[in-house]
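*Asks:* Residue numbers (our numbering), protein chains in the order written: chain P, -18 to 271; chain C, 22 to 340; chain B, 13 to 418.
Glycine is no exception: its CB is placed at the ideal position from the N, C-alpha and C atoms.
Owing to the predicted nature of the structure, the values given are computational and were not obtained by experimental measurement.
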């Protein structure tokens, strides 16, 4: 039964939650769109970002939002090194190898975290952790409102970056036509690593904005990876604005599906949309056919 | 030695394992290894031969497992009938998924992701349908005896599994020399070119789905009868999907013996890491993952490439 | 494959000969050979999705072994020390079974396993093949006992008993306060434990006059609880009953506060966090007043308090995984002690006749019927003034219940 009095807050909540999902999917869509690889280590890298934010909070007292200055750049370096040092070397031009190497990396990263940090659930307790803002009768938690703004800004910034900068143009060129890009003198390996690095860096932003309303464990990424892929496909791979819209749609579908079918069965709405989009519009909402 | 005689010799030797291995633990490791070889080979039919990578093979595994369990628990149907129906339904669901996705021309990572989504849909449904035990899962009654497809003796489980695995490997051996197999390879290497020379790519891919789904379904039946408990996560969760593709890719996709090699090496690795570092949680899996990465770095064509007479060059990244 | 040694002695006879000589020397008491250690298999999910709980279980089991060894080992076996055979089930039933077989072959006199119900079903059946005594540490599914395996014993209560206790207790607490609460919403995780518990609650509570307004199932993990909180808010129940794991409980509790929901009570059943020291420490405001029906130690028992202090000295929280596994190991050791042997039939017989009471739990001496310790029960706790207090049953209570809250 759909209760109309809670429909408005549920939709609004779906929008903010969806924006958070979009934030996680932004990096994935860049990596997927440029390198054409399915990065199984995305969830594990999100976890690394969350732990970074957590430890900065715990040992240096750094607020998660202040960590925005530190964690994303560090994650960028990690991503660049991973792509340049391991993933590109392992590919040998074969899709299955990329799959295997990102799978292997995620196993290593997750279990290193288990070894070093144990699987204790960690949370940060901030002054605003429980605070809410009243939006026309709906209570929106402050961390989620901030995350929503962060997602919008990040998506637009990425879009501008791709459209206006030389590196952005190079990335687009490589994504479209690798051989041609190489012929005109673009360092393809560097562009790949930059793309992967930026993708992982954006994940760092997601980590900073997610932790105040969530928690971190070594397995935390599992809960987000499938939904992130769904959003990437829905928005069209490589499209940032598409990811933002896709994320919000998924968030709202999840909210309404949950109200109508219950939280367990309601999840089916996400996958139904995913399958339908793949079947009828595989290029996604804003992607280009190709 | 022909490939068939080699295959038969290997399986004859494997059939003797329970007579030699008296340790229940090591026999169990052999069971787990054979199981991996079976699901790896099932994945290999679709992924290695027909070139369609699936991330959701647990779907067919879960269908087989739930079929035998639900028929037994709810309707009192003998599990031997469940065995046949489990395999058949695994194949049927695979064909249905294939029909839907291939009809709309899904390829590559899109196909991979859609299989993953279908597995999730089935997991959520199994979790919500009371007749299938919903979240509580399904327990099959303990009733040891060949008539109920349950055995007191692990060796009998081993031989049952060996028979399934042999059937799967024979199917792949047959594929290797049949027109269907040749068409699959043509579709894998270049679908448009294959279509141009008159191969019905859609039909070929559906047949690959059916074969692959059949053996995944049988593997599911085996799992249900061996452990007598199922829940939606065990049946449709990502564990079996990942294991199937891992074994096949590590072994070397598109090769007859690759999945067996992959299964043996991965289980040996897992046991060795556990024995060396089992006391330190996580360390065993770190070793496991590291070796995986190293294998991709230094053995990009899988273990089977070590045994190939004619070394195949590794394509440059731009190929 | 015996390798012949010089002089025609094969390895085995040579070793046997050596043993005989050593035995002869030891017999008159000239020198005392250390008795062979008693091995116990501890099979837990220390990696994978359940690794936190698995690690806590392992820690509890190892503490029990250390304590027993420090106190002189198994005295009826000449002070034999206990040795742990550690197994990692990787959070998977098939691996759990395999690790159990490994431990049995390495000479385990008994198995303590497997935390999750699905894994425990597999380890129990594997141990049954060799008739190896198997103590269930946590697994709450009653299906484990329903298997009817002669070698399987569960020290702690199953969820059938826990849900029953929860209903009775809630009814009494409510009536004692003049029955202000009439309506209930149940929020549970959707796997075996949550679903099974919710089902029992939903059939039992109406018999005591409670009206179930809504039963909300959610997956593990659930990323966001706002939707669920909104539905709870719309239903406006007197009592909210959550049955879920730690991470989800934390998110749920936080969201309830954010959405300004103030029920007369939050009364969880096997709540992942409601009676967790970690939760109370990190979210004192959200935890305040929350009641739980759960595994708990007897707060009035000096033994339990000493073990709690010892656990905390190791930097660990004294969670149910720790004390239930500790007790499972100690129970098995007691049976071996009384059997005076590691013979499997004798140990099983000793377990069946067990009246062990050094557990520091609110149980009374153990008494097994078909493998279930019939004295086992859950108790009610409530977070009061930042502390977790036992409020029921009266003989174990450390504080008085505060109800209704609002």
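Please identify the residue among 210(B), 233(B) and 292(B) whose C-alpha is closest to the C-alpha of residue 252(B).
*Replies:* Measuring from the Cα of residue 252(B), the nearest candidate turns out to be 210(B).
*Asks:* By DSSP, does residue 95(B) sit in helix, in strand, or in coil?
*Replies:* Strand, per DSSP.
*Asks:* Please report how far the alpha carbon of residue 189(P) lies from the alpha carbon of residue 36(P), in whole angstroms.
*Replies:* Approximately 12 Å between the Cα atoms of the pair.
*Asks:* For residue 202(B), go through chain C and note every residue whose CB falls closer than 7 Å to its CB, in chain order.
*Replies:* Here the neighbours are 148 and 156.
*Asks:* Which residue or residues does DSSP assign as beta-bridge partners of residue 230(P)?
*Replies:* Its beta-bridge partners do not exist; DSSP assigns none.
*Asks:* Can you give me the Cβ contacts of residue 245(C) inside the same chain, cut-off strictly under 7 Å, excluding the 5 residues immediately before and after it?
*Replies:* If we look at residue 245(C) and ignore the five residues flanking it on each side, its Cβ neighbours are 86, 89, 90, 161 and 251.
*Asks:* Given a limit of 9 Å on CB to CB distance, which residues of the stretch 39 to 69 of chain C reach chain B?
*Replies:* Flagged, chain order: 44, 45, 46, 47, 48, 49, 50, 52, 53 and 56.
*Asks:* Hey, quick one: how far does the beta strand (DSSP E) through residue 266(B) stretch, first residue to last?
*Replies:* Unbroken run through residue 266(B) is the alpha helix (DSSP H), 258 to 270; no beta strand (DSSP E).
*Asks:* Is the beta carbon of residue 226(B) closer than 8 Å to that of residue 197(B)?
*Replies:* The answer is yes: Cβ separation under 8 Å.
*Asks:* Rounded to a whole number of angstroms, what is the C-alpha to C-alpha distance between residue 185(B) and residue 241(B)?
*Replies:* Near 25 Å, if we compare the C-alpha coordinates of residue 241(B) and residue 185(B).
*Asks:* Would you grab the beta carbon distance between residue 124(P) and residue 193(P) for me? Rounded to a whole angstrom, and I think it's under 8 Å.
*Replies:* Rounded, the Cβ-Cβ distance is 4 Å, consistent with contact.
*Asks:* Please go through the same chain and pick out, in chain order, the residues whose beta-carbon is closer than 8 Å to the beta-carbon of residue 268(P), but skip the five residues on each side of it.
*Replies:* Same-chain partners within the cutoff: 216, 217, 218, 219, 220 and 223.
*Asks:* Are three or more beta carbon pairs between the stretch 140 to 148 of chain C and the stretch 242 to 256 of chain P nearer than 8 Å?
*Replies:* Yes, since at least three Cβ pairs between the stretch 140 to 148 of chain C and the stretch 242 to 256 of chain P fall closer than 8 Å, the two stretches touch.
*Asks:* Could you tell me whether the Cβ of residue 260(B) comes closer than 8 Å to any Cβ of chain C?
*Replies:* Output row for residue 260(B): interface = no.
*Asks:* Chain C beta carbons: is any one of them nearer than 8 Å to that of residue 58(B)?
*Replies:* By this cut-off, residue 58(B) is an interface position.
*Asks:* With contact counted as at least three CB pairs below 8 Å, one residue from each stretch, are the stretch 155 to 175 of chain P and the stretch 36 to 47 of chain P in contact?
*Replies:* Short answer: they don't touch.
*Asks:* Can you say whether residue 83(P) is buried or exposed, counting buried as having 16 or more other CB atoms within 10 angstroms of its CB?
*Replies:* Residue 83(P) is buried by the Cβ-count criterion.
*Asks:* Below 8 Å, can you find three or more Cβ-Cβ pairs linking the stretch 44 to 56 of chain B to the stretch 85 to 94 of chain B?
*Replies:* Because the criterion of three Cβ pairs below 8 Å is met, the stretch 44 to 56 of chain B and the stretch 85 to 94 of chain B touch.
*Asks:* Indicate whether at least one CB of chain B lies closer than 8 Å to the CB of residue 228(C).
*Replies:* Chain B, which has no Cβ nearer than 8 Å to the Cβ of residue 228(C), makes this no.
*Asks:* Please compile the residues from chain P whose C-beta is within a distance smaller than 7 Å of the C-beta of residue 261(C).
*Replies:* Those do not exist, as residue 261(C) stays about 14 Å from chain P at its closest Cβ, beyond 7 Å.
*Asks:* Does any CB atom of chain B fall closer than 8 Å to the CB of residue 196(P)?
*Replies:* Chain B contact via Cβ: present.
*Asks:* Rounding to the nearest angstrom, what Cα-Cα distance links residue 38(P) and residue 20(P) in this structure?
*Replies:* Taking the straight line joining both Cα atoms gives about 28 Å.
*Asks:* What ranges does the beta strand (DSSP E) occupy inside the stretch 97 to 164 of chain B, keeping only unbroken runs of at least 3 residues that lie completely in it?
*Replies:* Correct list: 120 to 125 and 146 to 148.
*Asks:* Just tell me which of 175(B), 378(B), 345(B) and 375(B) has its CA closest to the CA of residue 79(B).
*Replies:* If we check each option's Cα against that of residue 79(B), 345(B) comes out closest.
*Asks:* Since residue 203(P) is in the alpha helix (DSSP H), which residue starts that stretch and which ends it?
*Replies:* Taken as a continuous stretch (DSSP letters only), the alpha helix (DSSP H) holding residue 203(P) covers 203 to 216.
*Asks:* Indicate whether at least one CB of chain B lies closer than 8 Å to the CB of residue 101(P).
*Replies:* Output row for residue 101(P): interface = yes.
*Asks:* Are the beta-carbon atoms of residue 157(C) and residue 99(B) separated by less than 8 Å?
*Replies:* Not closer than 8 Å, so no.
*Asks:* When Cβ atoms are compared, which residues of the stretch 57 to 86 of chain P fall closer than 9 Å to chain C?
*Replies:* Within the stretch 57 to 86 of chain P, the qualifying residues are 67, 69, 70, 71, 72, 73, 74, 75, 76, 77, 78, 79, 80, 81, 82, 84, 85 and 86.
*Asks:* Out of 417(B), 165(B), 351(B) and 308(B), which one is the CA nearest neighbour of residue 410(B)?
*Replies:* Nearest C-alpha to residue 410(B): 308(B).
*Asks:* Assuming residue 417(B) and residue 229(B) make a contact with CB atoms under 8 Å, what is their CB distance in whole Å?
*Replies:* About 25 Å separates the two Cβ atoms, so there is no contact after all.
*Asks:* With DSSP run on the structure shown, which of helix, strand or coil describes residue 177(C)?
*Replies:* Note: residue 177(C) maps to helix in three-state DSSP.
*Asks:* Could you please give me the residues that DSSP links to residue 280(B) through a beta bridge?
*Replies:* The partner list for residue 280(B) (beta bridge, DSSP) reads 304(B).
*Asks:* Got a sec, what are the start and stop residues for the beta strand (DSSP E) residue 408(B) sits in?
*Replies:* Where residue 408(B) is concerned, there is no enclosing beta strand (DSSP E), given that its DSSP letter is neither H nor E.
*Asks:* Could you tell me the distance, in whole angstroms, from the CA atom of residue -5(P) to the CA atom of residue 143(P)?
*Replies:* Rounded to the nearest angstrom, the two C-alpha atoms are 28 Å apart.
*Asks:* Using a 10 Å radius around the Cβ and a threshold of 16 neighbouring Cβ atoms, would you call residue 389(B) buried or exposed?
*Replies:* Residue 389(B) is buried by the Cβ-count criterion.
*Asks:* Judging by CA-CA distance, which residue of 174(B), 97(B), 379(B) and 232(B) is the nearest neighbour of residue 119(B)?
*Replies:* The residue with the shortest Cα to Cα distance from residue 119(B) is 97(B).
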